[in-house]
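As structure tokens, the structure follows; a few thoughts come after it.
Numbering (my numbering), first residue to last: 1077 to 1224.
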């Protein structure tokens, strides 16, 4: 269980608003039922989304078995035991890189010289084209042109 503490005041009708962060982490939507648990000795008040008596995987309400904090129906337990619908080869987790490529640092003097050469060769090119050729942003090309 994750400990999250937030302060909320009761309104005039003794209601509280559940913060957005908690609603999203608990996967609560408008109209969902919530179970409340209170420990009078410690003053602890807990809550969880009420799922009722249904299978965790397929939401069936027949032939339920309790397993590790979840209810599972007989069909799902049979399928899990027989590995039905499970890939025999584990699928590796592929993490996408935040950066597509790392730009190498170039000194301003080298960039200015390269830009001068590009300006001579392609006088009608746009700053975006110069930026692509130099491997810098369009804003950096503008800065370099001011230094010329």
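Cβ coordinates follow ideal geometry from the N, Cα and C atoms, glycine included.
A quick note: this is a predicted structure, and the numbers were derived from the prediction, not measured.
- DSSP places residue 1141 in the strand class (E or B) of the three-state scheme.
- For residue 1081, the closest of 1120, 1109, 1182, 1114 by C-alpha to C-alpha distance is 1120.
- In the three-state DSSP reduction, residue 1158 falls in the helix class (H, G or I).
- Under the 10 Å beta carbon count, residue 1086 is surrounded by fewer than 16 other beta carbons and is classified as exposed.
- With fewer than 16 other beta carbons inside 10 angstroms of its own, residue 1154 counts as exposed.
- Distance from the Cα of residue 1183 is smallest, within the candidate group 1212, 1205, 1193, for 1212.
- By alpha-carbon distance to residue 1144, the top candidate from 1190, 1165, 1201, 1132 is 1132.
- Going by DSSP, residue 1193 is part of the alpha helix (DSSP H) stretching over 1184 to 1197.
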